[in-house]
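Participant: Protein chains in written order, with the working numbering: chain A, 2 to 385; chain B, 2 to 385.
1. Of all the beta strand (DSSP E) runs that stay within the bounds of the stretch 177 to 204 of chain A, which reach a length of 3 or more residues?
2. So which residues of chain B does residue 83(A) contact, with C-beta pairs closer than 7 Å?
3. Please go through the same chain and pick out, in chain order, the residues whose beta-carbon is closer than 6 Å to the beta-carbon of residue 205(B), but skip the five residues on each side of it.
4. Pairing CB atoms from the stretch 85 to 100 of chain A with CB atoms from the stretch 134 to 151 of chain A, are three or more of them under 8 Å?
5. So what does DSSP say about residue 373(A), is it helix, strand or coil?
6. Can you tell me where the alpha helix (DSSP H) with residue 75(A) in it begins and where it stops?
7. Name, please, each residue of chain E whose Cβ falls closer than 7 Å to the Cβ of residue 313(B).
8. Could one say the Cβ of residue 119(B) lies closer than 7 Å to chain A's Cβ atoms, at least one of them?
9. Using 7 Å as the limit for Cβ to Cβ distance, is residue 3(B) near chain A?
10. Considering residue 422(B), what are the terminal residues of the alpha helix (DSSP H) in which it resides?
11. Helix, strand or coil for residue 381(A) per DSSP?
12. Is it buried or exposed, residue 110(A), if we count other Cβ atoms within 10 angstroms and call 16 or more buried?
13. Under a CB-based cut-off of 7 Å, is residue 34(A) close to chain B?
14. Three or more C-beta pairs closer than 8 Å, one from the stretch 349 to 362 of chain A and one from the stretch 323 to 338 of chain A: is that the case here?
15. Using beta carbons (cut-off 7 Å, strictly below), is residue 331(A) in contact with chain B?
16. Could you tell me the alpha carbon to alpha carbon distance between residue 66(A) and residue 57(A), rounded to whole angstroms?
17. Would you mind sorting residue 257(B) into buried or exposed? The rule is 16 or more other CB atoms within 10 Å of its CB.
18. Spatial neighbours of residue 10(B) within its chain, please: CB distance less than 8 Å, with the 5 preceding and 5 following residues excluded, ordered by chain position.
19. So residue 21(A) is in the beta strand (DSSP E); what residue range does that whole segment cover?
20. Over the uninterrupted alpha helix (DSSP H) stretch that includes residue 49(B), give me the two end residues.
21. Can you grab the Cα-Cα spacing for the pair residue 136(B) / residue 13(B), in whole Å?
22. May I have the straight-line CA-CA distance separating residue 84(A) from residue 318(B), to the nearest angstrom?
23. If the cut is a Cβ gap below 7 Å, which residues of chain B does residue 325(A) touch?
24. Just the Cα atoms here: how many angstroms apart are residue 100(B) and residue 106(B)?
25. Determine the extent of the alpha helix (DSSP H) in which residue 334(B) is found, giving its start and end residues.
26. Hey, how far is the Cα of residue 177(A) from the Cα of residue 340(A)?
27. Given residue 288(A), which residues of its chain have a CB within under 6 Å of its CB, disregarding the five upstream and five downstream residues?
28. So with CB distances below 8 Å, who are the chain B contacts of residue 43(A)?
29. Output yes or no for whether 7 Å exceeds the beta carbon distance between residue 216(B) and residue 138(B).
30. Would you mind telling me which residues of chain A sit closer than 9 Å to residue 277(B), beta carbon to beta carbon, in chain order?
31. Under a three-way DSSP split, which group does residue 272(B) fall into?
32. Between which two residues does the beta strand (DSSP E) containing residue 217(A) stretch?
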């Protein structure tokens, strides 16, 4: 079961709010997915995510294939049951991870041969195998195996990646259609649009995938070091070419400012490690901008991270205490910041959806940008 | 405010159950205190401790003096407010930590000079200063500065430690009585009984302290490598010499088996790092004995850690999933094991108190020892 319905479109923008129905329940879009790479959102439990109103997670097929293994997860009743998360799950194919984590890899038209970043063992994965892995996991939305290139790749390399990803997309989709009948509630399959930093190649990648019949589309290969301007332009270029009724996922992009640009360009789904990764580094998101809670500036600050936030950290802990926890390297500190940041993102997306449903998205963005200061809030840079 | 009332004594044993009233509320004894050394129980939040029915914590004056500093905590409204824990707090003086953590220390009759284990800075603490630190923290029960010796200490060394601890006890108590009037609800002060592994010196230490008027007594210098038999004998020897109406704290002893022996000897308060430290090592406590959840044996085990446990880990996660979290070194795993273990201890002590109040403690112990297997439950030692 997979149904995407646009509820309301913004005036004068490609932005829209909608509802995604899956076998594991409904997701309101634009939606933010915390990253549960190996079957857990770092430091945060499933019931805390539910408490924050998170509706969908993203996990990683490559990581779960290596540890604990997708046949094992299938034996354990699928990823939802294994990690006690009964809401929808997207799985990334792991194309990006294979290229970034594997010390040795060889790509042929047939598939990708790589050594595990964990134990150095050798593996060979085809586009078909990556679909099977995701069937084993029981994902609600599966991603095709893609080839990623860095933002400094030559046009020739990017062109080859588009061609190969297109070829793999065909094979993945054929295999998916052959196999899906064997599952009572097979997930949807999304195509991934590559093409590096080149508008022409992005157009070509979209054309290739539109010849096929995917349930939705993901835009890959961004947030790899390019400028925000280029990222925004490429995103808008791609969404402009895609059929309006399809659900679109912008992979790995998640700074609040970038999110607003991407929503404006018509993006429906987001995933990003920022709330948890930055939380582990002592950064807390607020509507005024991120706070670096390790800074001496917060030594005597008895206020919560953000007034009005209902997360457990904000309800019970001062910035001063959180700073103390970070400074003594107590896990409770990074746990609380991760939790707060996920709550912040959940609330940020709720407000985006509310703005879209009342057709006030433009005003919402203006208001947000007026308040949100990427750097000014980083008070007292000197940590002591 | 400090009032200890024995509610019921066991027949044929020194065991008793009672109620300890402090300015921050009531504690039912025998009570278990999780260890919040530097103002946090590792990985676990205050509201989770309340959820487990934990009534009192123990923190460490030495650690908090070094980081973030006791004058700072006083400015922040005291330790209770700083760490958002409104139930009673005991603080250990840190004598043990000064001796075990400080690379350089020099003890004189006046006090102890040591270098910080964090930044190598030099500090000098007197028995009076250690009382002042604990006033600043706002502890409900404060401990005198004591001198600890290892279990291999000579009788001469142990004798010197008894003499010095006795001298410091007098000074601490005098200072405490002079100062307590300056505080609206000053904590109680406990004397610490040292004396190494020698019954005669323990007797002498008790005699020294009984000449003074402490609110309660702590037995220190155990769990430093001695046998369980010797520890039990020494504990029983000391409690036999103490006035029955005083509250007695056995410091740092916490294996379930040892707890039962100590309760039988008349101990009222316990603190121990086992639930959190062993949790971080992958060990989960159950009524059948500890489980080593890293072991391959639990790979396919879909049961909770312990049937009937109401902690969040047991309500939502399988042993197999917890093992996976431990193997990928995900913080959520050690967090869940720490939480479960604290819940286990809270429940274990509830059952002890129930047995005492119904005068069935003997039967409870028999039943416990029949079920609890220290080693047999460590199934599948080979981790894979």
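Even glycine gets a Cβ: it sits at the ideal position worked out from N, Cα and C.
Facilitator: In terms of the structure at hand:
1. 189 to 194
2. 322
3. 163
4. yes
5. coil
6. 71 to 76
7. No chain E is part of this structure, whose protein chains are labelled A and B.
8. no
9. no
10. Past the boundaries of the shown model lies residue 422(B); chain B is included only from 2 to 385, so the question cannot be answered.
11. In this predicted model, residue 381(A) has a pLDDT of only 46, less than 50, meaning its place in the structure is not dependable; the value taken from the coordinates is given anyway. In the structure shown, residue 381(A) sits in coil (DSSP, three-state: anything other than H, G, I, E or B).
12. exposed
13. no
14. no
15. yes
16. 21 Å
17. buried
18. 16 and 17
19. 17 to 23
20. 47 to 52
21. 40 Å
22. 7 Å
23. 40 and 69
24. 7 Å
25. 332 to 358
26. 36 Å
27. 372
28. 331, 332 and 333
29. no
30. What residue 277(B) touches in chain A: nothing, since even the nearest Cβ is about 10 Å away.
31. strand
32. 217 to 220
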